[in-house]
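Participant:
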Ligand code: TRP
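Residue numbers (my numbering): 25 to 394.
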């Protein structure tokens with residue numbers, strides 16, 4: 025077997041990811057064109073949400089005005105950056121469609137797999153994630169954010185969530201864990217059973233009852249979904265609607281490759297100031313331009329590998345303007361420095377507003393977490 029030159033698992037994402045190969049290998053379906061409400065959203069229109077499992081149920085539920093849940097989780101470590109924003113934007117979008125929002129803070133997973141204390145997990149979750157979610161537009165109504173270590177003050181609810189996690193264990197085999205995750209440890213096993221309960225528990229009678237649930241995630245989380253989907257149909261004590269899921273692309277790191285919280289030159293954090301944004305983009309953003317201005321004018325740049333352009337495909341909502349930038353860069357009319365300046369303006373314009381809103385969010389953060 026030819027080895028791929030990339031790795032995508034819940035514990036490791038590296039190399040040059042070939043998304044078409046992943047679609048085949050994981051057995052997910054490519055995202056198709058959707059009804060207008062979805063296509064107005066950049067992430068769906070540009071196929072940044074590029075694949076799914078059983079998403080038809082969600083489109084159908086929305087179309088017929090039936091309730092559904094959006095459930096996802098966050099790993100509370102590191103800085104909240106442009107890559108994390110993609111998921112937050114989806115939460116807010118589903119909330120605007122009328123979905124009930126469930127968000128798990130994976131503090132138990134962070135404790136078991138990253139050595140993070142529960143106190144630090146809580147601090148990171150609030151400072152880095154939840155304040156940014158609120159600033160981006162998440163509303164407290166119809167939204168439950170909870171910690172894996174502390175599901176609910178209502179014991180009936182808490183019991184139901186932890187009970188489900190424990191009962192699911194009988195329906196998984198060791199070999200299945202190994203096949204899904206490669207290397208396996210007790211901590212990882214617990215994490216994935218807990219994540220299965222995260223994804224399924226909204227359907228318990230103590231919560232919303234049986235209903236469609238969509239789980240938007242990065243494709244690295246798909247092994248968790250495969251397992252949860254399989255277990256959910258095996259456990260006869262409950263009747264779950266099969267989980268739906270969607271998968272979004274990773275935003276590339278500034279210098280190409282992966283955007284990683286452990287390498288501050290690879291990302292722009294939503295708390296970065298204007299000066300560092302300018303410096304980081306100018307210094308680190310991988311350019312698809314030619315080595316000299318003369319050659320660039322003659323041969324044109326390559327927007328398909330240029331990270332500044334790639335980032336604009338996530339950030340510039342105006343399709344016409346984006347196409348103009350693409351064409352001008354490709355023809356050589358727009359220079360690399362000028363393209364970077366467009367990105368810097370876009371980022372700094374957004375961040376100035378956002379950072380104000382983030383400070384404001386402190387006033388209402390208590391309405392999201394208890
Ligand atoms: N494992 C996820 C991560 O590393 C976090 C997570 C926990 C999650 N529970 C979840 C994601 C439920 C989606 C659904 O980011």
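Don't be surprised by glycine CBs; every beta carbon is placed ideally from N, CA and C.
Going straight from the alpha carbon of residue 125 to that of residue 160, what length do you get?
Facilitator: Here residue 125 refers to the residue found at position 101 of the chain shown. Here residue 160 refers to the residue found at position 136 of the chain shown. If I take the Cα positions, the gap works out to 15 Å.
Participant: Taking the alpha-carbon of residue 392 as reference, which of 200, 211, 169 has the nearest alpha-carbon?
Facilitator: Indexing the chain shown from 1 puts residue 392 at position 368. Answer by Cα proximity: 169.
Participant: Between residue 301 and residue 371, is the Cβ-Cβ spacing less than 7 Å?
Facilitator: If you number the chain shown from 1, residue 301 lands on position 277. If you number the chain shown from 1, residue 371 lands on position 347. In contact: residue 301 and residue 371 (Cβ atoms closer than 7 Å).
Participant: When the Cα of residue 91 is compared with those of 120, 99, 109, which residue comes out closest?
Facilitator: On the chain shown, residue 91 is found 67 positions in, with the first residue counted as 1. Nearest of 120, 99, 109 to residue 91, Cα basis: 120.
Participant: Just grab the DSSP bridge partners of residue 102 for me.
Facilitator: Indexing the chain shown from 1 puts residue 102 at position 78. DSSP output for residue 102 lists no bridge partner at all.
Participant: Alpha carbon to alpha carbon, what distance is there between residue 68 and residue 62?
Facilitator: Indexing the chain shown from 1 puts residue 62 at position 38. Indexing the chain shown from 1 puts residue 68 at position 44. Spanning the two alpha carbons is a distance of roughly 6 Å.
Participant: In whole angstroms, what separates the C-alpha of residue 298 from that of residue 376?
Facilitator: Taking the chain shown and counting its residues from 1, the one referred to as residue 298 is at position 274. Taking the chain shown and counting its residues from 1, the one referred to as residue 376 is at position 352. Each residue's alpha carbon lies about 8 Å from the other.
Participant: So what does DSSP say about residue 92, is it helix, strand or coil?
Facilitator: Translated into positions along the chain shown, residue 92 becomes position 68. It is coil, neither helix nor strand.
Participant: The alpha helix (DSSP H) with residue 179 in it runs from where to where?
Facilitator: Position 155 of the chain shown holds residue 179. Here the alpha helix (DSSP H) through residue 179 covers 179-192.
Participant: What is the DSSP secondary structure of residue 38, counted as helix, strand or coil?
Facilitator: Taking the chain shown and counting its residues from 1, the one referred to as residue 38 is at position 14. Looking at residue 38 - three-state DSSP - the assignment turns out to be strand.
Participant: In three-state DSSP terms, what is residue 150?
Facilitator: The count along the chain shown starts at 1 and reaches residue 150 at position 126. Note: residue 150 maps to helix in three-state DSSP.
Participant: Beta-carbon separation of residue 96 and residue 239 under 7 Å?
Facilitator: By 1-based counting over the chain shown, the position of residue 96 is 72. By 1-based counting over the chain shown, the position of residue 239 is 215. Their beta carbons are under 7 Å apart, which means residue 96 touches residue 239 by this criterion.
Participant: Have a look at residue 128 and residue 316 and give me their C-alpha separation to the nearest angstrom.
Facilitator: Working through the chain shown from its first residue, we reach residue 128 at position 104. Working through the chain shown from its first residue, we reach residue 316 at position 292. One C-alpha to the other measures close to 49 Å.
Participant: Can you tell me which residues form a DSSP beta bridge with residue 272?
Facilitator: Mapped onto the chain shown, residue 272 falls at position 248. According to DSSP, which records beta bridges pairwise, residue 272 is partnered with 73, 242.
Participant: With DSSP as the reference, identify every bridge partner of residue 174, one or two as the case may be.
Facilitator: In the chain shown, the residue the question calls residue 174 occupies position 150. Per DSSP, 171.
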